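Number of protein chains: 2
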Amino acid sequence: MTPGTPTSLWLIEDNTTFRSSVARGLERTGQFVCSGSFSSAEQALEMIQAGNPPQAVLIDVGLPGMDGIEAIQILRQQLPKAGLIVLTVFEDEEKIIRAICAGAQGYLLKTAPVSEIAAAIEDVLAGGSPMNSRIARRVLEVFSRLVPVKKDYGLTSREQEILQQMVQGHIKKEIAVQVGVSIHTVNTHMRNIYDKLQVNTVNGAVAKALKERLV
Amino acid sequence: MTPGTPTSLWLIEDNTTFRSSVARGLERTGQFVCSGSFSSAEQALEMIQAGNPPQAVLIDVGLPGMDGIEAIQILRQQLPKAGLIVLTVFEDEEKIIRAICAGAQGYLLKTAPVSEIAAAIEDVLAGGSPMNSRIARRVLEVFSRLVPVKKDYGLTSREQEILQQMVQGHIKKEIAVQVGVSIHTVNTHMRNIYDKLQVNTVNGAVAKALKERLV
DNA sequence: TGACAATTCACACCATCATGTGAAATGCGT
DNA sequence: ACGCATTTCACATGATGGTGTGAATTGTCA
Numbered sequence: 001m002t003p004g005t006p007t008s009l010w011l012i013e014d015n016t017t018f019r020s021s022v023a024r025g026l027e028r029t030g031q032f033v034c035s036g037s038f039s040s041a042e043q044a045l046e047m048i049q050a051g052n053p054p055q056a057v058l059i060d061v062g063l064p065g066m067d068g069i070e071a072i073q074i075l076r077q078q079l080p081k082a083g084l085i086v087l088t089v090f091e092d093e094e095k096i097i098r099a100i101c102a103g104a105q106g107y108l109l110k111t112a113p114v115s116e117i118a119a120a121i122e123d124v125l126a127g128g129s130p131m132n133s134r135i136a137r138r139v140l141e142v143f144s145r146l147v148p149v150k151k152d153y154g155l156t157s158r159e160q161e162i163l164q165q166m167v168q169g170h171i172k173k174e175i176a177v178q179v180g181v182s183i184h185t186v187n188t189h190m191r192n193i194y195d196k197l198q199v200n201t202v203n204g205a206v207a208k209a210l211k212e213r214l215v
Numbered sequence: 001m002t003p004g005t006p007t008s009l010w011l012i013e014d015n016t017t018f019r020s021s022v023a024r025g026l027e028r029t030g031q032f033v034c035s036g037s038f039s040s041a042e043q044a045l046e047m048i049q050a051g052n053p054p055q056a057v058l059i060d061v062g063l064p065g066m067d068g069i070e071a072i073q074i075l076r077q078q079l080p081k082a083g084l085i086v087l088t089v090f091e092d093e094e095k096i097i098r099a100i101c102a103g104a105q106g107y108l109l110k111t112a113p114v115s116e117i118a119a120a121i122e123d124v125l126a127g128g129s130p131m132n133s134r135i136a137r138r139v140l141e142v143f144s145r146l147v148p149v150k151k152d153y154g155l156t157s158r159e160q161e162i163l164q165q166m167v168q169g170h171i172k173k174e175i176a177v178q179v180g181v182s183i184h185t186v187n188t189h190m191r192n193i194y195d196k197l198q199v200n201t202v203n204g205a206v207a208k209a210l211k212e213r214l215v
């Protein structure tokens, strides 16, 4: 990046001291110019109307007033071309997930040094998604929970097939027709499934199947 | 990390030249010792039986023979305590996702310098998930598409509570005791839940609750 | 205060499920 | 050829679930 083309930034952060500190640190590199500095999301959103959009936005999700997640959603809509980086203390899993789903492209901790923040901004604008690795771990955990590794309870293919039908909300009678066997057979398979999964109700089996992605 | 406690590593990579190069580079730091160096996943899996498991594994997913994804799954099961880092060329999205779902905790490009690989290993063992930022971007994109939007079926708090109990595999009688109401009340709530979720069996409700993260 | 949602409880009927018990056919590997 | 797992089917009984119907209480909001 040549000194002649600094990247324009917005900072949204209620802690004025911290905000100024980051702004000064980033500007000192010569790579950035802070064209907006706001203590609330509302202020930043007003500024959008005035034009002159930034190339990247650093936003704290623990803001007073408007919910940080909501702010990210709106910024993503209003500034589709801008890089959007969340700068935060270590949040709970749910908040991280929601921020990502809202459209955040980077996720850094406030403890990150200015050099790391600067690198992250460039990274986001180059098509990457810099993330603190501990946050990344959380993301991957949730991610793989959505599609976890199949545990092996030794279910046979027929048992898996019937369990899958159960997960789809069908009752035994329907499954019998669907699979093409008698209801007695379905009954027997269900018993064996219960034994193998160590449950004793349909809902227990369905819950276990979905939680552990057995089907 | 003191020089007296090097981290034991396995490298699984079919390109012998590259593998040796990485091994030498990592050992030269004094932080690591390559206790295993394999050109196929099969070889590594055999070694597991012999005991002496590594603290971390670097694996290429573009291996000949056994599918790299499958290898990761088995390694994750057999070496649950080991850090598992994928070292690869830039793969297609589907492969990245599957590797992560299989249990990979880090995802680096083969072009990464040894210093970055070394840092990544330490990072994984410290509870992080270092990822190349371009790969992270791909993950976030899929992620934000994959995570279901929490639909609002207008379940009341009591209904949510009872649905949650159902998901845990309890039967109505048990729920009545647990929640502290009569079984008739549980019955009524379940009816309303069925109406709202548009299902008519427990397993249907449980399935919907888990699939759409209602509980 | 009156409308409305949420929560609670009750009875009854039939459907469905869980479980004990028994048995037969098939296929696979040793 | 023999054992073993898988899959199939059957009968029976008590427990549990699903649904129609009705009603009382509580709290909230207009």
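In order, the protein sequences belong to chains A and B. Heads up, the final residue of the first sequence is numbered 215 in my numbering, and it's a clean run with no missing numbers. Heads up, the final residue of the second sequence is numbered 215 in my numbering, and it's a clean run with no missing numbers. For every residue, glycine included, the Cβ atom is placed at its ideal position computed from N, Cα and C. Since the model is a prediction, treat every value here as computed from it, not as a measurement.
Of the residues assessed, A:V86 falls on the buried side of the cut-off, its CB having 16 or more other CB atoms within 10 angstroms. Note on geometry: alpha-carbon atoms of A:I175 and A:H189 lie some 11 Å from one another.
For B:V57, the closest C-alpha among the options B:Q105, B:F90, B:C101 and B:R24 is that of B:Q105. The beta carbon of B:L210 falls within 8 Å of a beta carbon belonging to chain A, placing the residue at that interface. In the three-state scheme derived from DSSP, where H, G and I count as helix and E and B as strand, A:G204 is classed as helix. With 16 or more other Cβ atoms from the protein chains shown falling within 10 Å of its own Cβ, B:Q55 counts as buried. The C-beta of B:L75 comes no closer than 8 Å to any C-beta of chain A.
CA-to-CA, the gap between B:E13 and A:I100 works out to about 33 Å.
For the segment 120-143 of chain A, the set of positions with a beta-carbon nearer than 9 Å to some beta-carbon of chain B reads A120, D123, V124, A126, G127, G128, S129, P130, M131, N132, S133, R134, I135, A136, R137, R138, V139, L140, E141, V142 and F143 in chain order. Contact between A:I193 and A:I162 holds: CB atoms are separated by about 7 Å, below the 8 Å threshold.
Between the segment 77-96 of chain A and the segment 133-140 of chain A there are three or more C-beta pairs closer than 8 Å, enough to call the two in contact. Considered as a whole, the segment 121-157 of chain A harbours 133-146 as its complete alpha helix (DSSP H) runs of no fewer than 4 residues, in chain order.
When DSSP reads this structure, B:G83 sits in a beta bridge with B:A56. B:T7 carries a strand assignment under DSSP once its states are collapsed to helix, strand and coil. Boundaries of the alpha helix (DSSP H) around A:S20: T16 to R28. A direct Cα-Cα distance of roughly 20 Å separates A:V177 from A:V206. With contacts defined by Cβ atoms closer than 8 Å, B:R19 and B:S37 form a contacting pair. DSSP, read as helix, strand or coil, puts A:G36 in strand.
By the criterion of at least three beta-carbon pairs nearer than 8 Å, the segment 25-44 of chain B is in contact with the segment 65-77 of chain B.
Distance check between A:A112 and each of A:T5, A:P6 and A:L26 places A:L26 closest, using alpha-carbon atoms only. With 16 or more other CB atoms across the displayed protein chains lying within 10 angstroms of its CB, A:P130 is buried.
If you draw a straight line from the Cα of A:P80 to the Cα of A:I48, it is about 12 Å long.
Within 7 Å of the CB of A:T201, the CB atoms of chain B belong to G169 and I171, in sequence order along the chain. In terms of Cβ geometry, A:N203 and B:G169 form a close pair [threshold 8 Å]. At a Cβ-Cβ threshold of 8 Å, B:K208 and B:V199 count as neighbours. For B:G180, the secondary structure class from DSSP, reduced to helix, strand or coil, is coil.
Residues of chain B with a Cβ closer than 7 Å to the Cβ of A:G204 are, in chain order, G169. Listed as beta-bridge partners of A:G106 by DSSP are A:I85.
In this structure A:D195 is exposed. Its beta-carbon is surrounded by fewer than 16 other beta-carbon atoms within 10 angstroms. In the same chain as B:L108, and ignoring 5 residues on each side of it, the C-beta atoms closer than 8 Å to its own belong to I85, V86, L87, T88, E116, I117, A120, P130, M131 and N132, in chain order. Nearest to B:A50 by C-alpha distance, out of B:D60, B:V61 and B:Q78, is B:Q78. In the DSSP assignment, B:A41 falls within the unbroken alpha helix (DSSP H) covering A41 to Q49. Sixteen is the threshold: since fewer than 16 other Cβ atoms of the shown chains lie within 10 Å of the Cβ of A:S21, the residue is exposed. With fewer than 16 neighbouring CB atoms inside 10 Å of its own CB, A:D152 falls in the exposed class. DSSP, read as helix, strand or coil, puts B:I171 in coil.
A:M190 does not reach chain B, its nearest Cβ partner there being about 11 Å away, counting only Cβ pairs nearer than 9 Å.
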